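The sequence shown maps to residues 1 to 305 in full-length UniProt numbering.
Ideal Cβ placement from N, Cα and C applies to all residues, glycine included.
The structure presented is a predicted model; accordingly, all values stated were derived computationally and were not measured.
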Amino acid sequence: MGAQKTTLTAARYGPTPAQVVMFPPDQDPWPPYTVWDFFPPLYNCPHELDRLGALGDGGKWICGMSRIQDKPDCVIYSFGIDSTYLFEATLLQSTRFCQVWIYDSTKGAGAEGHIPRALRHRAHFGKLALGASDRHGAGDEPKTWTLKSLMAENGHSHIDFLRLDVEGWEWETFRGIVRDFTMERGNPGGGGPHAPNNDNATSGWGVAEREGVLPFGQLQIELHVWNQRFQDFLEWWELLEVAGLRPFHNEINLVYANYNRHSGVELAEYSFINIRGENAFIKDYVPVLPETTPPRGPGIGPERR
Numbered sequence: 001m002g003a004q005k006t007t008l009t010a011a012r013y014g015p016t017p018a019q020v021v022m023f024p025p026d027q028d029p030w031p032p033y034t035v036w037d038f039f040p041p042l043y044n045c046p047h048e049l050d051r052l053g054a055l056g057d058g059g060k061w062i063c064g065m066s067r068i069q070d071k072p073d074c075v076i077y078s079f080g081i082d083s084t085y086l087f088e089a090t091l092l093q094s095t096r097f098c099q100v101w102i103y104d105s106t107k108g109a110g111a112e113g114h115i116p117r118a119l120r121h122r123a124h125f126g127k128l129a130l131g132a133s134d135r136h137g138a139g140d141e142p143k144t145w146t147l148k149s150l151m152a153e154n155g156h157s158h159i160d161f162l163r164l165d166v167e168g169w170e171w172e173t174f175r176g177i178v179r180d181f182t183m184e185r186g187n188p189g190g191g192g193p194h195a196p197n198n199d200n201a202t203s204g205w206g207v208a209e210r211e212g213v214l215p216f217g218q219l220q221i222e223l224h225v226w227n228q229r230f231q232d233f234l235e236w237w238e239l240l241e242v243a244g245l246r247p248f249h250n251e252i253n254l255v256y257a258n259y260n261r262h263s264g265v266e267l268a269e270y271s272f273i274n275i276r277g278e279n280a281f282i283k284d285y286v287p288v289l290p291e292t293t294p295p296r297g298p299g300i301g302p303e304r305r
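See the structure below:
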């Protein structure tokens with residue numbers, strides 16, 4: 001992958017990952033890069049490519065919308081919602097059967113009012129946060145669920161499309177997702193950004209190869225690099241790679257950069273496809289009739305029409 005090639009070259013001829021500055025200062029010698037240049041989306045979407053949602057901040061790039069357009073058992077999870085719900089509403093309008101589970105720890109009663117009335121029977125809302133560990137007891141606020149626990153609670157074995165915008169918690173949360181659904185291939189020396197490279201067990205900077213399949217076919221995630229170090233970003237990126245995710249598109253959040261010019265270009269949207277398993281984006285599927293039982297799950301109330 002691009003990040004591996006670039007950083008391996010740097011290791012031989014230039015600084016180590018720990019020495020790479022995310023956003024170098026504008027001074028001599030002029031540094032012609034930002035952190036985003038190390039992580040290009042080098043994988044090609046094998047289907048049509050569409051951008052759904054709002055202009056500017058809020059729109060998302062999806063690969064192969066046609067693959068889920070008529071899929072009877074289509075499941076979509078969306079975490080962290082903006083004020084318009086336009087992306088989720090567009091997904092519902094563009095598909096026949098997709099059920100969309102929408103979660104946000106700050107949105108309460110009345111959230112369903114943002115979805116057109118004719119589509120609300122396929123939209124389900126919950127007030128909770130996605131995290132790396134479960135904390136949803138009586139005294140926990142906000143209620144935090146792991147993806148694994150939430151899928152079990154909802155009775156889901158797969159997610160076709162997963163969207164995350166969790167305001168900086170994506171780093172810890174996604175490490176937890178990879179840990180919960182995959183296992184590290186044998187690596188006696190352990191992983192980490194500076195571990196010795198063993199072609200049979202590690203990738204890039206020593207991140208251990210992993211076995212297993214993540215439960216979603218496609219991921220759209222906004223990355224917030226506030227207070228992140230380059231070596232941590234690199235290790236996190238390679239963790240996604242060894243778990244089977246490949247980036248096919250990115251979009252720098254220039255709306256945020258315009259409103260926060262003092263802080264830099266710290267937000268970017270990335271789209272990944274899962275190349276493992278039998279998800280709808282990499283393998284033809286046999287339709288499964290939709291279940292007739294009402295959706296269930298934490299924070300989900302009766303449907304309103």
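F125 is bridged by DSSP to I102. If you ignore the 5 residues before and after R67, its C-beta comes within less than 7 Å of the C-beta of H47, A280 and F281, all in its own chain and listed in chain order.
Here the alpha carbon of P40 sits roughly 8 Å from the alpha carbon of P247. Note on M151: 16 or more other CB atoms within 10 angstroms of its CB, so buried under the neighbour-count rule. Taking all protein chains in view, the Cβ of W30 is surrounded by fewer than 16 other Cβ atoms within 10 Å, so the residue is classified as exposed.
Considering only A208, L254, E88 and H249, the residue with the shortest C-alpha distance to W236 is A208.
R210 sits away from R175, with the two beta carbons spaced by 8 Å or more. Taking C-beta separations shorter than 6 Å and ignoring five residues to either side along the sequence, the partners of H114 in its chain run Y85, following chain order.
Taken in chain order, the whole beta strand (DSSP E) runs of length 3 or more contained in the UniProt domain "Methyltransferase" (38-178) are 49-52, 60-63, 75-79, 99-103, 123-126 and 159-164. Counting only residues of its own chain and dropping the five nearest sequence neighbours on each side, A243 has a CB closer than 7 Å to the CB of V178, T182, R210 and L214. By the neighbour-count criterion, in which 16 or more other beta carbons inside 10 Å mark a residue as buried, R261 falls on the exposed side. As computed with DSSP, P247 is found in a beta bridge with F272. The Cβ atoms of I221 and Y256 do not sit closer than 8 Å to each other.
Secondary structure at V242: helix, using DSSP grouped into helix, strand and coil. By the neighbour-count definition (other C-beta atoms within 10 Å, threshold 16), T146 is a buried residue.
Between V75 and H156 the beta-carbon gap is near 6 Å, inside 8 Å, which marks them as a contact. In the three-state scheme derived from DSSP, where H, G and I count as helix and E and B as strand, Q19 is classed as helix. Across the set G139, P17 and A111, the C-alpha of A111 shows the shortest separation from the C-alpha of K127.
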